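Asker:
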Amino acid sequence: PSNIRTVSKVHRIASIPGDGIGVDITVAAERVLHVLAKTVGGFEFDFTTFDWSSEKYRERGWYMPPDGIDQLKKFDAIYFGAVGSPDVPDHISLWSLILPIRKSLNQYVNVRPTRILPGTTSPLSALSTTSSHLDWVMIRENSEGEYSGQGGTSHSDTSYAVATEVSIFTYVGVSRIMRYAFETARSRPRKKLTMVTKSNAQRHGMVLWDKIFYEIAAEYPDVETDKMLVDAMTVRMVLHPESLDTIVATNLHADILSDLAAALSGSIGIAPSSNLDPTRENPSMFEPIHGSAPDIAGKGIANPVGAFWSAAEMVRWVGEGSAADMLMQAVENVTAAGVKTKDLGGDKNTEEVTTAVCEEIEL
Ligand code: GGG
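Under our numbering, the first residue of the sequence shown is numbered -6, with each subsequent residue one higher.
1. Using the rule of at least 16 other Cβ atoms within 10 Å of the residue's Cβ for burial, across every protein chain shown, is histidine 246 buried or exposed?
2. For glycine 145, collect the residues of the same chain with a Cβ closer than 8 Å to its Cβ; drop the 5 residues on either side in sequence, then sort them by chain order.
3. Can you look up isoleucine 282 in the DSSP assignment and give me helix, strand or coil?
4. Using the C-alpha atoms, what's the distance from alanine 286 back to serine 277?
5. Answer yes or no: the CB of leucine 92 versus the heavy atoms of ligand 1, is any distance below 8 Å?
6. Is any heavy atom in ligand 1 found nearer than 8 Å to the beta carbon of alanine 323?
7. Judging by CA-CA distance, which residue of His27, Met230, Thr32, Val332 is the nearest neighbour of serine 125?
8. Thinking C-alpha only, which one of Leu356, Thr343, Ile354 is nearest valine 16?
9. Report the partner residues of valine 365 according to the DSSP bridge assignment.
10. If you run the structure through DSSP and keep just helix, strand and coil, what is glutamate 137?
11. Are three or more beta carbon pairs between the segment 189 to 199 and the segment 232 to 246 nearer than 8 Å?
12. Assign lysine 333 to buried or exposed, taking buried as 16 or more other Cβ atoms, counted over all protein chains shown, within 10 Å of its Cβ.
13. Take the Cβ of alanine 305 as the centre, count every other Cβ of all protein chains shown within 10 Å, and call the residue buried at 16 or more, exposed below.
14. Quick one: residues in its chain with C-beta nearer than 6 Å to the C-beta of phenylalanine 38, no 5 flanking neighbours on either side, listed in chain order?
15. List the endpoints of the continuous alpha helix (DSSP H) containing leucine 222.
16. Taking the alpha-carbon positions, what's the glutamate 52 to proline 93 distance?
17. Keeping to the same chain, check which residues put their C-beta closer than 8 Å to that of aspartate 224; ignore five residues upstream and five downstream.
18. Is aspartate 248 a contact residue of ligand 1, with contact defined as CB to any heavy atom under 8 Å?
19. For asparagine 366, is the classification buried or exposed, using 16 other Cβ atoms within 10 angstroms of its Cβ as the cut-off for buried?
20. Which residue or residues does DSSP assign as beta-bridge partners of tryptophan 129?
21. Classify glutamate 355: buried if its beta carbon has 16 or more other beta carbons within 10 angstroms, exposed otherwise.
22. Under the criterion of a Cβ to heavy atom distance below 8 Å, does glycine 284 qualify as lining ligand 1?
23. With which residues is arginine 5 paired in a DSSP beta bridge?
24. In whole angstroms, what is the alpha-carbon distance linking glutamine 64 and threonine 107?
25. Taking the straight line between their C-alpha atoms, what separation do you get for leucine 117 and aspartate 203?
26. From which residue to which residue does the alpha helix (DSSP H) around proline 93 run?
27. Strictly by DSSP, which residues pair up with threonine 190?
28. For glycine 74, which option in Phe301, Asp288, Ala329, Glu345 has the closest C-alpha, if you only look at C-alpha atoms?
29. Measure how close the beta-carbons of serine 260 and aspartate 150 come, nearest whole angstrom, since I'm counting them as under 8 Å.
30. So, using beta-carbon positions, are proline 234 and threonine 113 closer together than 9 Å?
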């Protein structure tokens, strides 16, 4: 009977807008997610906003309170905007918020898909020698490697200063990301995995990566594999984008390569990421890959597409797959119709793109 109300499932989301355009795009993403839930029905989002930002750090001396991680553990997922401010050294802001969250919540996988969205143009199309077919998933190791935070400085502020930055690669850490990458490659039509290292110059950790890659490859005979040095990989991404599909790389290499991937797909403003704890014992975190862009913060012109795509990945992760598909379809219909921000060659602002996506969902 029509008078019986469907009981809504509530997905509890911790929202951390952070700094700069992180605030602008988080507002946009929450608006779209409420419209999505209302239109699809059967579930809703309950957002709790945490004001953990560089501005608050300057006032209070901390980003996250001491029980911050425990607070986050109570949620089904975390939505993150951006971190970074001209007034706080970048290594402080990054190591006070995003990196501790990833590490403490066992989010050892960072998934970064890249595609050229309809109605957008890749810079690859300007290169006559290059195919502009680009459909990649980059699997970034998200817990160790070059971002282990180990090392130190002595004789600081003197001309004898010495600093070490120690990369840590463990058998457990490398095996689990490699296995995740093989599973991702296997789930995609081309079943193809490219592993990136710099094992000619870095002769310990990177050699361990190579060894584990070949060990695990033996368990996946249906997945075609190849191996690239990171420098040569940048060339291949630009000149032969069609030859790549799933890519696995270390924390630093994939951080850099995924920015290049985003630029090749049209703009860093569209690129999403998922920081996953595949065990699901802790909440996973979803964030566009771009930074806080202080130069355009608060002007209402940031591209919200990377935020919407990240939100769609979060919606899928909490179990609402068809709603996630609907959100991505709405985003693609909007870009196809030419409703785009300046970075994609359009003339619309954040709110106009957001409204267009909401209207597409409600159609
Ligand atoms: N929205 C992501 C963000 O704020 N990124 C800033 C950044 O530099 N992140 C480095 C990283 O992803 O490891």
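Even glycine gets a Cβ: it sits at the ideal position worked out from N, Cα and C. Treat the numbers as computed from the prediction; the structure is a model and nothing was measured.
Answerer: Concretely, from the data shown:
1. buried
2. So the qualifying residues of the chain are Ala156, Thr157.
3. coil
4. 24 Å
5. yes
6. no
7. Met230
8. Thr343
9. No answer is possible for residue 365: it lies beyond the span of the chain, which begins at -6 and ends at 356.
10. Looking at glutamate 137 - three-state DSSP - the assignment turns out to be coil, as it is neither helix nor strand.
11. yes
12. buried
13. buried
14. His4, Ile6, Leu26, Ala30
15. Looking at the DSSP string, leucine 222 is not in any alpha helix (DSSP H); the run it does join, the beta strand (DSSP E), is 217 to 222.
16. 21 Å
17. Lys191
18. yes
19. Limits of the chain in this structure are -6 at one end and 356 at the other, which puts residue 366 out of reach.
20. Thr107
21. exposed
22. yes
23. Asp39
24. Per the coordinates, the alpha-carbon of glutamine 64 lies some 32 Å from the alpha-carbon of threonine 107.
25. 30 Å
26. 91 to 97
27. For threonine 190, which the question treats as bridged, DSSP gives the partners Leu222.
28. Phe301
29. A Cβ-Cβ distance of about 39 Å is found for the pair serine 260 and aspartate 150, leaving them out of contact under the 8 Å criterion.
30. Against a cut-off of 9 Å, the Cβ pair of threonine 113 and proline 234 comes out as no contact.
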